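In this note's numbering, the protein residues as written are 31 to 120. Report on the following structure.
Take a look at the structure:
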């Protein structure tokens, strides 16, 4: 995959949802895990798309984006590391 290559947003969302559902309510996933699952050799190029997909899913209430263990706005922008998890409502 090259810098200009992309993966359909629906495929990223499916991979993201599968990963957080596998983790369950008491765990979270790093966005880089989603990118690595889709493009192990060139995962960094996918990070903006993964963060965009996470934002869409968070705005739909399907996931939460967390920083420091606390849910943050799904709109972003986020500074620093974020985690993706099933909604907990905390």
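Glycine residues also receive a C-beta, built at the ideal position from the N, C-alpha and C atoms. In this text the structure is predicted, and so the values were computed from the model without any measurement.
- Membership of residue 102 in the beta strand (DSSP E) is indicated by the continuous run 100-102.
- Less than 8 Å divides the Cβ of residue 115 from the Cβ of residue 93.
- Beta bridge pairing from DSSP links residue 114 with 59 and 95.
- At least 8 Å separates the beta-carbon of residue 64 from that of residue 44.
- Residues of the same chain with a CB within less than 8 Å of the CB of residue 51, apart from the 5 flanking positions on each side, are 116 in chain order.
- Look at residue 80 here: in three-state DSSP terms it is helix.
- Rounded to whole angstroms, the separation of the alpha carbons of residue 61 and residue 47 is 11 Å.
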